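Data first, discussion second: the structure below is written as structure tokens.
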Ligand SMILES: Cc1cc2nc3c(=O)[nH]c(=O)nc-3n(C[C@H](O)[C@H](O)[C@H](O)COP(=O)(O)OP(=O)(O)OC[C@H]3O[C@@H](n4cnc5c(N)ncnc54)[C@H](O)[C@@H]3O)c2cc1C
Ligand SMILES: Cc1cc2nc3c(=O)[nH]c(=O)nc-3n(C[C@H](O)[C@H](O)[C@H](O)COP(=O)(O)OP(=O)(O)OC[C@H]3O[C@@H](n4cnc5c(N)ncnc54)[C@H](O)[C@@H]3O)c2cc1C
Ligand SMILES: Cc1cc2nc3c(=O)[nH]c(=O)nc-3n(C[C@H](O)[C@H](O)[C@H](O)COP(=O)(O)O)c2cc1C
Ligand SMILES: Cc1cc2nc3c(=O)[nH]c(=O)nc-3n(C[C@H](O)[C@H](O)[C@H](O)COP(=O)(O)O)c2cc1C
Ligand code: FES
Ligand code: FES
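Residue numbers (the numbering used here), protein chains in the order written: chain A, 1 to 313; chain B, 1001 to 1313; chain C, 2001 to 2257; chain D, 3001 to 3257.
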């Protein structure tokens, strides 16, 4: 589908649709449902230096139109990912975006250094925004100067372009975006989850063992759209948008807001075929909208391509 | 209902249920549906010094499990409220919480000074968090020091206790709460709306004329619960909680989180009887939970009354 | 009085492309005061769609306690509504707003409707005829496949139809019909998309008439300030009308469109 | 293979207080490998409830392509599910997980179920009997009004029932029945609330057995790490099992409860 092909730093995408980190594991499970080569890319589960078990269970809870998770970055560790997951994924013709996490700068740097050398990892996603990890995480994701520094350090060692994943739990998302842009980021991914909580009706206690968790799903889409709308007008980096995407229409809304590609998280749990379905639904929808290439839609809400569109007609 | 009676600064509440500011006008319309004296209190629409028309329309948009509004503080102005609305409301046996808004410190102070002198206004709600007003609003709601100063100035002139309404659009809600506590607030109300946006599928443009708007409704409840949970453990002020409340169960969850009373906003639009219904549903629900007085539930999620409960049995 | 009732679906039919006619029965009907009032419909029980949908009362029958709504299934809410079956119930809040005033001596009325603005004019036309008025209608539709009720209007009085593509009646807009046919009338009544109403107000300036407006709504009863419009005599000021409770019907020329 | 199918409701009945028996038909049934597997059910089409609900396959009939689910209508999703009518369709993802292994020579099995953990044991018991095993059952319920399938189990083998309030069978827990009746068995199989499984593991330590676990789930297929448990031999480490894809059935003693 020519109308869906997108070129972004490190990413030659057949289409702008990819599963979001943490919602697709390392692809094995969803490969039962369809050929992963159909995807634009895959954002794999956060990788930390050492294997992590993560938080105690319950780790998920449902909310109105959304869900909370507090997985706590469970993953097989850098070695496991390098030795088992990435080689397995190399059978597919699909770029891998490795989600890099840590507790301190050194962890991040080490994971980024090693994982960016993997053959099929064509971009990194710097996870400075995970709300479910006690140490470190919060400052990286909410203080512009700290985020900038981390971005710089990671950028230094990375062999592939670097996307930084922004947290929505901030007073000023534009400041964060500008900071990581100044730190050398090649792109942004946004948004990670909103910090939320549910309490059990009977006990009064938090449903999640971790108490608070990250809110994802359709409920958060308006917040993500607003943030991408604001950020895309203020920075020159491409944005991979996410938060509550369930349909091709949602994808279009993200492009209008300013995204250049999108990721689907929670919806995979509801419909394991959702990414494939969206990819198939996009071309007819674009035709209906009279659009030749999906990238024409990027930033339409604030008039990004307005003049050029006028010229070309 | 003895089990629902609550005493808070300035507020002798028959029950802890009140309509949220901006979702109930000045009560006239809902008085067609039930006797407003049944309510715990009424939070009236924001009042500014001068009458305001507010933002252009469309001013509301629907989202998954929520809605966006950008009313823009339309109101008849201080004089109109003092002369027409408050006197009309005095026919009901219900305390009024006046929502005070402005563009600069002086406006706030003037509105607070005058409106707090009205006979039936027993508390003020300082609206430092309205996301739909271009001037002033944002800094008051997101910078602790600025919020503290405003609180101090308003507190100085107010003849009734002062509740400060916190914005959820901040990196650190506890810092904001502590700042207004230090500024002399008598209580907190939280949360105001999350900043969000919707784009029109056909045009690509924002649905709201104001572009962005405030997200309310069930979608935001987990964020509100989390913030009240965090804040109630860190400050000594009573909290009136709000955000997506639709049922007596939701009320209980807010109390568990740390609220001492609650307000219902968006749900009034869906069910004009919602406040009355919740008030009626609470006593049997409390009985089911084996609770004598609803205030025993405040902060149960973090164990506020744990020891005292043990002693009393 | 405004009531909130789970009304029974007596019939629910597709009468044109994506256009549905829904007949509801209940006590709410007893409260209807005038054609042009509307109801606020909750679709489904859940939180998505969350808000009620405003739909005009197309006509009502006080004896059978029934009212008819005609709506276009377009977005999430109305598409879901179109799936409701006979004998199910629909949660309705209403009647809301002030309808068309049909007082005064018997005269000639021109009723001009566009698209889903046509329905409330049907109840109005019936009422006018009942009161001895002469009625003329101009109905504008996108094309034939989405047109409806031409014959029903035809039974009440002279009826012109215009479609944008000329597939039914004359080709063009309702304003073209007025220019061409120059129908005589004492009062005009109109409901339709805002651009149509704007054009009409210009074309019929100086004529006595009433128009029914649409605006996005929250509460539907006047409490939330979602549906506010400036007045034409104070276009920048703080005076206003609320479409839901002061309208949706206003004298032509009163509201800034 | 895991499939996602809109299965047809062949019957849907309330069989005890808040307990429903749902019979679904479809090709998904052809993929069922073993008793104890479960399916992930989407209730309604909308976003609330958002997540699928895991429900065990109580039994299935490969020839009719039917399977039976038995569930308690408790929270938002299952209460909505209970309103689904015959001949409607239900969106099912499955079969998921690994069920009870029934290989090996014919022996005596003790099946111990608690509450809504009872259903999968019914399919297991039928399978064991089919394979020539002797089966004994201990079923624990809160009280008589929520009990079900006692007779169906009774037809397959010796069946003890315990209720907490003694309203049916003996008063007490399933563990009390074991202490009292000391039934002979070679292998035990159990499904029920975690406290019951914990107590059983202690009581039956050293015995060969299998337990089926419950955990809150996201994806249900092993991708999201929601349903992870520590292993008993590495209680603090990073090794783990996923209830959805490695389980829900595990050898007794393997998983840290
Ligand atoms: C007083 C009044 C009377 C109306 N009478 C009729 C009628 O008789 N028949 C008919 O088909 N339509 C009528 N409409 C328009 C009707 O309300 C909208 O078509 C409908 O709300 C769209 O809902 P949806 O679920 O299809 O769209 P969605 O896109 O899902 O709607 C999203 C939100 O936008 C609002 N919205 C979208 N379009 C409109 C609109 N044009 N006007 C107001 N709100 C809108 C919805 O109410 C909802 O809150 C009337 C509107 C008003 C204000
Ligand atoms: C492998 C497995 C098999 C199961 N088999 C059955 C069965 O055969 N019959 C039966 O009645 N129940 C069974 N359960 C439990 C069933 O999944 C829950 O009762 C159900 O999910 C509750 O949903 P709700 O809509 O009633 O509750 P809600 O409170 O609306 O649920 C909210 C969220 O919590 C989850 N949740 C709540 N309780 C549980 C629980 N006990 N286990 C897992 N998730 C939960 C829900 O799935 C949902 O995501 C099984 C659970 C698992 C893990
Ligand atoms: C269960 C779960 C696990 C997640 N794990 C990660 C993670 O490891 N790293 C990360 O950057 N984001 C993680 N996320 C966030 C998602 O990648 C995504 O940003 C977010 O869920 C919003 O998208 P959605 O609404 O489509 O789910 C996780 C989300 C969920 C629901
Ligand atoms: C239409 C609308 C208007 C509002 N106007 C105000 C306002 O004037 N002042 C204010 O402090 N909050 C205002 N709010 C915010 C509500 O008081 C409340 O904090 C928020 O909507 C969350 O509650 P809910 O989810 O129950 O609606 C408004 C909300 C809505 C939906
Ligand atoms: S819709 Fe609320 S005031 Fe009109
Ligand atoms: S539920 Fe997702 S891994 Fe088990």
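Just so it is clear, CB atoms sit at the ideal spot from N, CA and C, and this is done for glycine as well.
Every value quoted in this text rests on a predicted model; they were computed, and no experiment measured them.
Counting of Cβ neighbours within 10 angstroms places residue 3230 of chain D among the buried residues, the total reaching 16 or more. Assignment of residue 3160 of chain D by DSSP, reduced to helix, strand and coil, places it in the strand class.
For residue 1254 of chain B, the uninterrupted alpha helix (DSSP H) run begins and ends at 1248-1257, by DSSP.
In the assembly as shown, residue 2164 of chain C is an exposed residue. Its beta-carbon has fewer than 16 other beta-carbons within 10 Å. Within chain D, no residue has its CB atom less than 8 Å from the CB of residue 2138 of chain C, the nearest being about 41 Å off. For ligand 6, no non-hydrogen atom lies closer than 6 Å to the CB of residue 201 of chain A.
Using a C-beta cut-off of 8 Å, the segment 1008-1020 of chain B makes contact with the segment 1032-1041 of chain B, since at least three inter-stretch Cβ pairs fall below that distance.
DSSP places residue 3021 of chain D inside the beta strand (DSSP E), whose first and last residues are 3019-3025. Taking 8 Å as the upper bound on Cβ-Cβ separation, chain C lies near residues 1266, 1268, 1269, 1270, 1271, 1272 and 1273 of the segment 1259-1293 of chain B.
Between residue 1169 of chain B and residue 1070 of chain B, the C-beta spacing is not below 7 Å. When Cβ pairs closer than 8 Å are counted between the two stretches, the segment 3116-3128 of chain D is seen to touch the segment 3053-3070 of chain D, the count reaching three or more. Counting the other CB atoms within 10 Å of its CB gives residue 2001 of chain C a total below 16, which places it among the exposed residues.
Rounded to whole angstroms, residue 23 of chain A and residue 99 of chain A show a C-alpha spacing of 12 Å. DSSP, read as helix, strand or coil, puts residue 1085 of chain B in helix.
According to DSSP, residue 2051 of chain C shares a beta bridge with no other residue. Counting every other CB atom within 10 Å of its CB across the protein chains shown gives residue 1225 of chain B a total of 16 or more, marking it as buried.
According to the DSSP assignment, residue 3078 of chain D belongs to the alpha helix (DSSP H) that extends over 3076-3081. Counting other Cβ atoms within 10 Å of its Cβ, residue 139 of chain A stays below 16 and is therefore classed as exposed. Secondary structure of residue 3248 of chain D (DSSP, three-state): strand. Residue ranges of uninterrupted alpha helix (DSSP H) with 4 or more members, entirely inside the segment 1254-1294 of chain B and ordered along the chain, are 1267-1270 and 1274-1288.
Residues of chain A whose Cβ lies closer than 8 Å to the Cβ of residue 3170 of chain D do not exist, since the nearest Cβ in that chain is about 27 Å away.
Apart from sequence neighbours up to five positions away, the residues of its chain that approach residue 1114 of chain B with a beta-carbon distance below 7 Å are 1078 and 1082, ordered along the chain. Per DSSP, the continuous beta strand (DSSP E) segment holding residue 19 of chain A begins and ends at 17-19. For residue 2234 of chain C, no chain D residue has a Cβ inside 8 Å of its Cβ, as the nearest lies near 43 Å away. Beta bridge pairing from DSSP links residue 7 of chain A with A/12. When secondary structure is reduced to three states using DSSP, residue 301 of chain A falls in the helix class. In terms of side-chain proximity, the C-beta atom of residue 1021 of chain B is found nearer than 6 Å to a non-hydrogen atom of ligand 4. In the DSSP assignment, residue 1178 of chain B falls within the unbroken alpha helix (DSSP H) covering 1173-1182.
As the crow flies, the alpha-carbon of residue 2175 of chain C is around 13 Å from that of residue 2194 of chain C.
Among the residues facing chain B, residue 119 of chain A is not included, as its CB has no counterpart in that chain under 7 Å away. Within the same chain, and ignoring the five residues on either side of residue 300 of chain A in sequence, the residues whose Cβ sits closer than 6 Å to its Cβ are 256. A contact is defined here as three or more CB-CB pairs under 8 Å, and the segment 2242-2250 of chain C fails this definition with respect to the segment 3004-3022 of chain D.
In this structure, residue 3075 of chain D has its beta carbon less than 6 Å from a heavy atom of ligand 2. Boundaries cannot be given for residue 2168 of chain C, as no alpha helix (DSSP H) includes it and DSSP labels it neither H nor E. For the segment 233-250 of chain A, residues whose beta-carbon sits nearer than 8 Å to a beta-carbon of chain B comprise 244 and 249. By the criterion of at least three beta-carbon pairs nearer than 8 Å, the segment 1281-1288 of chain B is not in contact with the segment 181-199 of chain A.
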